[in-house]
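Numbering (this note's numbering), first residue to last: -16 to 118. All C-beta atoms in this analysis are idealised placements derived from N, C-alpha and C, irrespective of residue type, glycine included. None of these values were measured; they are calculated from a predicted model.
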Amino acid sequence: MASGIYNRLKANLMNKEVDLEADTIKVALLDDSHSFTASDDVWGDVSANEISATGYTAGGDALTTKSVTQAATTKFDADDTVWTITGAMSTYHAVIVDVTATSNLMASIDFGGEQTVTDANFTIKWHADGIITLA
């Protein structure tokens, strides 16, 4: 169980190849076969572990109302993400992908165990400190 920032995002930030507010950035849900590996680069490296469920959008949902707040601890944030699931769904991880930057991986989030819903909304409520913070 591990969460982390992919090396690709670090390089893309340094090379000015990502715009966190303007790019299309998605969050996708993965099963228990996923394991965070910092050297993975693109969606194709992890997509085989994506879940399937009625009401879940394959490839993930785009983050909305994205913002970067500059401060001593700079943060990237967005609105919470919600899927309306019909039937049963379980997931273990979320992966954030910059679709504009050739589907480059940004971050992997381990939910700390199986998360399930049946005929209900599945919501990722982003932390008050942001999705990604840099101190």
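What would DSSP say about D6, mapped onto helix, strand or coil? coil
Nearest candidate by alpha-carbon position, reference D60, set H110, L(-8), D102: H110
With a CB to CB cut of under 6 angstroms and the five nearest residues on each side skipped, what residues in its chain are close to T74? L12, I34, Q98
Between which two residues does the beta strand (DSSP E) harbouring K(-7) extend? Looking at the DSSP string, K(-7) is not in any beta strand (DSSP E); the run it does join, the alpha helix (DSSP H), is -10 to -3.
Please say whether S91 and G(-13) have beta carbons closer to each other than 7 angstroms? yes
Would you mind reading off the limits of the beta strand (DSSP E) that contains D93? 87 to 107
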